[in-house]
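Okay, structure first, notes after.
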Amino acid sequence: MSSDQKETSTYPLLLYDSPFFRSSSSANQSGVSCPPFASPVNLDTLEPQQLAQVKKQLEEELEHLTSSFAQLHGAQNKFKECLRCVQARAADSKGSKSVLVPLTNSLYVSGELTSTETVLVDVGTGFMIEKKLKSAEKFYDSKVKEVGGNLKELEVIVQRKQMNVRTIEEVLRQKIMASQAEGQS
């Protein structure tokens, strides 16, 4: 193929409930299987303004997903810290019963543990449950693993969104160059 000839390619890009693109009643001709909330779009058929708007939408989604990733990573670190504290308490279950109780971020008072075999576990939305040390350790360990799995899934989604943004940028660049070449002819 010469450099003057251009091959029209279909970029399999999935757009989620975009105001421009809705699932049509026609069958999916590209062979790409899509979830019911997404439809493949041939980027070559879009105008540069539409491509720019789709790019902007994807960048906003990417920003939101990146923020969610950071929040999940923070939650995982908190669960890891809770797990470390429970493990430290279990290792010292026969030792000292004196503790420092935080009243604020910078104010602590001394206290005495009434039981070294149980801890209060925050199970979400401010609810605390008393659990034995081993049970609390299992709870926090499962939370660390669960959030870790969610982080891996989210990382894959972020990478796909980044790839989609790069694809749109490339198609947009090609369309702009083609229109400039036509204008100079």
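Per our numbering, the sequence shown starts with residue 1209, numbered consecutively. Using N, Cα and C, we set each Cβ at its ideal position, and we do this for glycine too.
P1310 is classed as exposed because its beta carbon has fewer than 16 other beta carbons within 10 Å across all chains shown. Bridge pairing for G1319: V1307 [DSSP].
In this structure the segment 1335 to 1354 does not touch the segment 1365 to 1382; the number of beta carbon pairs closer than 8 Å is below three. Annotation for D1349: the continuous alpha helix (DSSP H) segment containing it runs 1341 to 1392. T1326: member of the beta strand (DSSP E) spanning 1326 to 1332, first to last residue. Within the same chain, T1324, V1327, L1341 come within 8 Å of R1297 by CB-CB distance, once the 5 residues on both sides are set aside.
According to the DSSP assignment, E1269 belongs to the alpha helix (DSSP H) that extends over 1256 to 1299.
With contacts defined as CB atoms closer than 7 Å, L1259 and I1376 qualify as a contacting pair.
Approximately 22 Å separates the beta-carbon atoms of K1305 and L1291; this is outside 8 Å, ruling out the contact. Excluding residues up to 5 positions away in sequence, L1308, V1309, L1311 lie with their Cβ nearer than 8 Å to the Cβ of V1317 in the same chain. Two segments are said to touch when three or more pairs of C-beta atoms, one from each, lie closer than 8 Å; by this definition the segment 1357 to 1371 touches the segment 1260 to 1280. In this structure V1262 does not touch A1344 by the C-beta definition: roughly 47 Å separates them, more than the 8 Å allowed.
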